[in-house]
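In my numbering, the protein residues as written are 1 to 164.
Take a look at the structure set out below.
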Amino acid sequence: MSAHIDPTTMPLDESDLALLSALRTLHAELDPVPAGLTDDVKFALTVQALHAEVAELTRLSADRELVRSVDYTRAETLTFTGGAFTTMVSIVGIGPDDVRIDGWVTGGPVRIELRERSRTSAVEVDQDGRFAFEPVSRGLVQFVLYPLDENAGGKPVITPSIDL
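Written as structure tokens, this is what we have:
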């Protein structure tokens, strides 16, 4: 009878490490990690950690067909709906690298957090549901709405990332 060898209890030797290294290199060349995957994973983990509802992008201001192309039109007004809130944001260029974001929220008083690549800032909406952020660097951003009224359900609402 032959002895049974359990590979889970044997330590890795030099030939095992060399084989694993070759497999890692081959895998990286043939099936690289997709661009943006890291940001998508961070977003998913943030949503899970917040136990937040995810808002849906419901409207763009551009009256053009949305097609994938090298040339595209940036929407100047976006509307998100999620939880008890509807949020409309208007994006106005104030320089080559910066924009101003004006927004309005329906559904009750909220504190709005703007998440950029390297910073986070927050404001509370005024009595009319209005808020603004200026200056905001062009790039990926997302909004998180924190209800201030306990009757609104208490769950934060997070928007998908948008590219300014």
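We put the beta carbon where it would ideally sit given N, CA and C, even for glycine.
Scanning its chain for C-beta atoms nearer than 7 Å, with the 5 sequence neighbours on each side dropped, one finds around ASP149 the residues GLY108, PRO109, in chain order. Inclusion of VAL144 and GLY82 in the CB contact set at 7 Å is not warranted, their separation being larger than that value. Residues VAL92, ILE94, GLU134 of the same chain have their beta carbon placed closer than 6 Å to that of ARG100, with the five preceding and five following residues left out of the count. Rounded to the nearest angstrom, the gap between the Cα atoms of PRO160 and VAL54 is 7 Å. By the 16-neighbour rule on beta-carbons within 10 angstroms, GLY103 is buried. For a cut-off of 8 Å, the C-beta gap from ASP98 to VAL136 is around 6 Å, short enough to register as a contact.
One thing to note: ARG130 has its Cβ no nearer than 7 Å to the Cβ of LEU164. When PRO34, VAL89, ASP13 are compared, the shortest CA-CA separation from LEU78 is found for VAL89.
Beta-bridge annotation (DSSP): ASP98 is paired with SER137. Judged by DSSP in its simplified three-state form, SER21 adopts helix. Bounds of the beta strand (DSSP E) holding VAL123 are 120-124. One alpha carbon belongs to THR86, the other to ASP31, and they sit about 40 Å apart.
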